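Novice: Supplied in structure tokens, the structure appears directly below.
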Amino acid sequence: MFPSLPDGTMRSSKPKRPGLTPGLAVRLAAPAILALVLTACSQPTTLDRINQEGVLHVVMHPASTVYYEENGEPSGFEYELVRRFADSLGVELRVEVVDDFPELYQRLDEHHTHLAASGLALTPELRRRYRHGPVYDRSRPVVVYNAEVDRPQAPSDLIGMDVAVRAGSAAEQQLERIRGTLPELAWQSESNQDPTELLHRVNKGELDAIVINSRELENNQVFFSSVRDGLALSSPRPVGWLLPPEGDGSLMQAARDYFREIRANGTQAQLEERFFGHLDRLDYVGAKTFTTHLENRLPDYRKTFEEAASAHDLDWRLLAAIGYQESHWEPRAVSPTGVRGLMMLTLDTAALIGVKNRLDPEASIWGGARFFRRLHNRIPDNITEPDRTWFALAAYNVGYGHLQDARRLARRDGSNPDRWLDVKEYLPLLAQRKYYTQTRYGYARGYEPVLYTQNIRRYYDVLKWMFPDEDTTMAVTENGVESPLEEPGDQPSRPRKTREQTASGDQRRELRRASPLL
1 MFPSLPDGTM
11 RSSKPKRPGL
21 TPGLAVRLAA
31 PAILALVLTA
41 CSQPTTLDRI
51 NQEGVLHVVM
61 HPASTVYYEE
71 NGEPSGFEYE
81 LVRRFADSLG
91 VELRVEVVDD
101 FPELYQRLDE
111 HHTHLAASGL
121 ALTPELRRRY
131 RHGPVYDRSR
141 PVVVYNAEVD
151 RPQAPSDLIG
161 MDVAVRAGSA
171 AEQQLERIRG
181 TLPELAWQSE
191 SNQDPTELLH
201 RVNKGELDAI
211 VINSRELENN
221 QVFFSSVRDG
231 LALSSPRPVG
241 WLLPPEGDGS
251 LMQAARDYFR
261 EIRANGTQAQ
271 LEERFFGHLD
281 RLDYVGAKTF
291 TTHLENRLPD
301 YRKTFEEAAS
311 AHDLDWRLLA
321 AIGYQESHWE
331 PRAVSPTGVR
341 GLMMLTLDTA
351 ALIGVKNRLD
361 PEASIWGGAR
371 FFRRLHNRIP
381 DNITEPDRTW
391 FALAAYNVGY
401 GHLQDARRLA
411 RRDGSNPDRW
421 LDVKEYLPLL
431 AQRKYYTQTR
441 YGYARGYEPV
451 LYTQNIRRYY
461 DVLKWMFPDE
471 DTTMAVTENG
481 VESPLEEPGD
491 QPSRPRKTRE
501 QTASGDQRRE
511 LRRASPLL
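Residue numbers (the UniProt record's numbering): 1 to 518.
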């Protein structure tokens, strides 16, 4: 166990010997006082102890915005932040995963961790109780309710409803404050259930409503077609890391320096784009349509997607997401511009990759896989995943030449031409005369590849949820890619967990099999 940090030194006093004058007593005590002062001054700081041990201890809870495992490796926005923080300190990251907030707070209270990184809104209660690091996000507690229930318009509408909230969360703290003026307000305080499990219960009608933070809702709402977002219970609150109640300021200052650096160099913005940059691309109507086609159309083509993807070192779920964006898996789809078929190939592209009948779904899927792999391979080697895949998707939509034009515009303006976060801002400029007249390939509806890529990322998210743990050759994730393209030595350290996580993993798989989209 990580040792408790000392919180002070106590020393006993003895009666003075008879006959000692005050001056003599001071002279005799001086060496001891000096030794005590020197000892106090030489005590290592928290940062010193971290460097001596070579380990940064962090406590987290499992949630889609915080920490989860994908393809057997840890992931999550918060996890990536602390992993990079540990790297900046030159130490190993050791994560302890706890199931609920009270357990997380206990680790802080007992000094059994250096910090807690769990997307925690810095409520007045937490600010009084703990020290905290820099603010890097904002969230607020929101009411999420079942579609068959009347929309709550005010906190008083929650009275009499079957409401649940995560025990110890910022959302529960807000409910406690509201209950000060609405004593009839009641709810279930749930431990050991993450936001996804609570959303599943609302989706199935087991609960009327839950209260979760807005970031978790944004990240998960698309998976649950019978939930609605409603009342916000507070204004947006700052989000930050928590540190134990007592201690010196060395680690806090290191965290400030770290966030200052990742804001300046664009790393934080890059992580936000990877994990959250595509969350607004699938509304309720789109989710219902996608659900219908998942049931009625995808089964007819799944085997072909799997075979074509495997032959071209792709994740079949990514290939299927492209197909859905192109045609909604409709094999005889035709657009006014002349592209047709399930993968909506142009006549020139079909000729290039050897597809004779674009309306043959198998030929179209195999042709789409072949074409996407060619584009993916064509992206410059210095562009890494997952950006490499987003660039290839944009090229699939708008053409490789137009993608290169946008990259040149980005480079000319001093932006990073190898980063999707930057280039997606320049693609729409290709529709403006003042910009496309300066490019090699001219005019393009450059806003389309941006929306196209965001949509596919969202469909891909849903397919990964519905078909988890697939044996895929190239499984693009939000923080990397499981493929030979991954840089050696770039694997994050495995976290230490408080207990065996197999049961919770099985529960999550059961939720997926239960089709939460329905």
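Where a beta carbon is used, it is the ideal one built from N, C-alpha and C, also for glycine. Quantities reported herein were computed from a predicted structural model and do not represent experimental measurements.
To the nearest angstrom, how far is it from the Cα of Leu427 to the Cα of Ile50?
Specialist: Along the sequence shown, one-based indexing puts residue 427 at 427. Along the sequence shown, one-based indexing puts residue 50 at 50. For Leu427 and Ile50, the distance between alpha carbons rounds to 45 Å.
Novice: Could you tell me which uninterrupted alpha helix (DSSP H) segments, each at least 4 residues in length, are contained entirely in the stretch 368–424, listed from first to last along the chain?
Specialist: 387–398 and 400–412
Novice: In three-state terms, what does DSSP make of Ser234?
Specialist: Indexing the sequence shown from 1 puts residue 234 at position 234. DSSP places Ser234 in coil when its eight states are reduced to three.
Novice: Applying the criterion that 16 or more other CB atoms from any shown protein chain within 10 Å of the CB defines a buried residue, is Leu294 buried or exposed?
Specialist: Here the question's residue 294 lines up with position 294 in the sequence shown. So Leu294 counts as buried.
Novice: Could you have a look at Ser310 and say whether DSSP puts it in helix, strand or coil?
Specialist: Position 310 of the sequence shown, counting from 1, holds the residue named residue 310. In this structure, Ser310 counts as helix in the three-state DSSP scheme.
Novice: For Asn146, which residues does DSSP report across the bridge?
Specialist: Translated into positions along the sequence shown, residue 146 becomes position 146. Paired residues: Val227.
Novice: Looking at the secondary structure, which residues open and close the alpha helix (DSSP H) in which Ala444 lies?
Specialist: The residue labelled residue 444 in the question sits at position 444 within the sequence shown. It is not in any alpha helix (DSSP H) - Ala444 carries neither H nor E in the DSSP assignment.
Novice: Which two residues bound the contiguous alpha helix (DSSP H) that contains Asp137?
Specialist: Counting from one through the sequence shown, the residue named residue 137 turns up at place 137. Looking at the DSSP string, Asp137 is not in any alpha helix (DSSP H); the run it does join, the beta strand (DSSP E), is Arg131 to Ser139.
Novice: Quick check on the DSSP output: the alpha helix (DSSP H) that includes Glu197 runs from which residue to which?
Specialist: Your numbering for residue 197 matches position 197 in the sequence shown. Unbroken alpha helix (DSSP H) run through Glu197: Pro195 to Asn203.
Novice: Determine the direct distance from the alpha carbon of Leu233 to that of Val339, and round the result to whole angstroms.
Specialist: Walking along the sequence shown from the start, residue 339 turns up at place 339. Walking along the sequence shown from the start, residue 233 turns up at place 233. Val339 and Leu233: Cα-Cα distance of roughly 48 Å.
Novice: Under the three-state reduction of DSSP, which class applies to His57: helix, strand or coil?
Specialist: Residue 57 sits at position 57 when you count from the first residue of the sequence shown. Reduced to three states, the DSSP call for His57 is strand.
Novice: For Gln268, collect the residues of the same chain with a Cβ closer than 6 Å to its Cβ; drop the 5 residues on either side in sequence, then sort them by chain order.
Specialist: Translated into positions along the sequence shown, residue 268 becomes position 268. Within the same chain, Gln268 has close Cβ partners Ile262.
Novice: Label Leu251 either buried or exposed according to how many other C-beta atoms from any shown protein chain fall within 10 Å of its C-beta, with 16 as the threshold for buried.
Specialist: Along the sequence shown, one-based indexing puts residue 251 at 251. Leu251 comes out buried.
Novice: Note the first and the last residue of the continuous alpha helix (DSSP H) segment covering Ala171.
Specialist: On the sequence shown, residue 171 is found 171 positions in, with the first residue counted as 1. From DSSP, the alpha helix (DSSP H) with Ala171 extends over Ala170 to Arg179.
Novice: Examine the Cβ distances between the stretch 147–160 and the stretch 59–66 and report whether three or more of them are shorter than 8 Å.
Specialist: no
Novice: Residue 527 lies in the beta strand (DSSP E); which residues open and close that run?
Specialist: The structure shown does not extend to residue 527, since the chain is modelled only from 1 to 518, so the question has no answer here.
Novice: Of the choices Ile159, Thr437, Asn377 and Leu403, whose alpha-carbon is the least far from that of Ile178?
Specialist: Translated into positions along the sequence shown, residue 178 becomes position 178. Measuring from the Cα of Ile178, the nearest candidate turns out to be Ile159.
Novice: Express the C-alpha separation of Arg129 and Val239 in angstroms, rounding to a whole number.
Specialist: What you label residue 239 is simply residue 239 of the sequence shown in a count that begins at 1. What you label residue 129 is simply residue 129 of the sequence shown in a count that begins at 1. Val239 and Arg129 have their C-alpha atoms spaced approximately 15 Å apart.
Novice: Express the C-alpha separation of Tyr324 and Phe77 in angstroms, rounding to a whole number.
Specialist: Taking the sequence shown and counting its residues from 1, the one referred to as residue 77 is at position 77. Taking the sequence shown and counting its residues from 1, the one referred to as residue 324 is at position 324. Between Phe77 and Tyr324, the C-alpha separation is close to 27 Å.
Novice: Got a sec? Which residues, its chain only, sit under 7 Å from Ala167 by beta carbon, not counting five neighbours each side?
Specialist: As a working note, residue 167 is residue 167 in the sequence shown. These residues qualify, in order along the chain: Asp100, Phe101, Pro102, Ser189, Glu190 and Ser191.
Novice: Determine contact between the stretch 370–380 and the stretch 389–400, defined as no fewer than three beta-carbon pairs at a distance below 8 Å.
Specialist: yes
Novice: Below 6 Å CB to CB, which residues in the same chain sit around Leu359 once its five sequence neighbours on both sides are set aside?
Specialist: Walking along the sequence shown from the start, residue 359 turns up at place 359. Excluding positions up to five away in sequence, the list reads Arg332 and Gly341.
Novice: Taking the alpha carbon of Arg445 as the point to measure from, which residue in Arg274, Leu198, Phe275 and Leu430 has its own alpha carbon closest?
Specialist: To locate residue 445, count along the sequence shown from 1; it is residue 445. When only C-alpha atoms are compared, the closest one is Leu430.
Novice: Kindly indicate the opening and closing residues of the beta strand (DSSP E) around Gln188.
Specialist: Taking the first residue of the sequence shown as 1, we reach residue 188 at position 188. Gln188: member of the beta strand (DSSP E) spanning Gln188 to Glu190, first to last residue.
Novice: Give the straight-line distance between the Cα atoms of Pro245 and Asp194, rounded to the nearest whole angstrom.
Specialist: Position 245 of the sequence shown, counting from 1, holds the residue named residue 245. Position 194 of the sequence shown, counting from 1, holds the residue named residue 194. Their backbone Cα atoms lie some 26 Å apart in a straight line.
Novice: Check whether the stretch 44–61 and the stretch 112–119 touch, using three or more Cβ-Cβ pairs below 8 Å as the test.
Specialist: The stretch 44–61, when compared against the stretch 112–119, does touch it at the 8 Å Cβ threshold.
Novice: Under three-state DSSP, which class holds Gly240?
Specialist: What you label residue 240 is simply residue 240 of the sequence shown in a count that begins at 1. Of the three classes helix, strand and coil, the one that applies to Gly240 here is strand, per DSSP.
Novice: Rounded C-beta distance between Asp229 and Val163? I'm assuming under 8 Å.
Specialist: Along the sequence shown, read from residue 1 onward, the residue named residue 229 stands at position 229. Along the sequence shown, read from residue 1 onward, the residue named residue 163 stands at position 163. So it is not a contact: roughly 15 Å between Cβ atoms.
Novice: Kindly indicate the opening and closing residues of the beta strand (DSSP E) around Ser75.
Specialist: For this step, residue 75 is matched to residue 75 along the sequence shown. Here the beta strand (DSSP E) through Ser75 covers Glu73 to Ser75.
Novice: So Thr304 packs on Ile365, CB below 8 Å; how close in whole Å?
Specialist: The residue labelled residue 304 in the question sits at position 304 within the sequence shown. The residue labelled residue 365 in the question sits at position 365 within the sequence shown. Indeed, because the Cβ distance is near 5 Å, the residues count as touching under 8 Å.
Novice: Taking C-beta to C-beta, are Thr453 and Lys424 nearer than 9 Å?
Specialist: Taking the first residue of the sequence shown as position 1, residue 453 is located at position 453. Taking the first residue of the sequence shown as position 1, residue 424 is located at position 424. The criterion of a C-beta distance shorter than 9 Å is satisfied by Thr453 and Lys424.
Novice: Quick check on Asn219: buried or exposed, where buried means 16 or more other Cβ atoms within 10 Å of its Cβ?
Specialist: In the sequence shown, counting from the first residue as 1, residue 219 sits at position 219. Asn219 comes out buried.
Novice: Would Asn213 and Arg131 be called neighbours here (beta carbons separated by less than 9 Å)?
Specialist: Numbered from its first residue, the sequence shown carries residue 213 at position 213. Numbered from its first residue, the sequence shown carries residue 131 at position 131. Against a cut-off of 9 Å, the Cβ pair of Arg131 and Asn213 comes out as no contact.
Novice: Taking just the CA atoms, how far does Arg378 sit from Asn296?
Specialist: Numbered from 1 along the sequence shown, position 296 holds the residue referred to as residue 296. Numbered from 1 along the sequence shown, position 378 holds the residue referred to as residue 378. Spanning the two alpha carbons is a distance of roughly 35 Å.
Novice: Between which two residues does the alpha helix (DSSP H) carrying residue 521 extend?
Specialist: This structure does not reach residue 521, given that the chain is present from 1 up to 518, and the question cannot be answered.
Novice: Have a look at Gly90 and Ser75 and give me their C-alpha separation to the nearest angstrom.
Specialist: As a first step, residue 90 is located in the sequence shown; it is residue number 90 there, counting from the start. As a first step, residue 75 is located in the sequence shown; it is residue number 75 there, counting from the start. Annotation: Gly90 to Ser75 spans about 20 Å, alpha carbon to alpha carbon.
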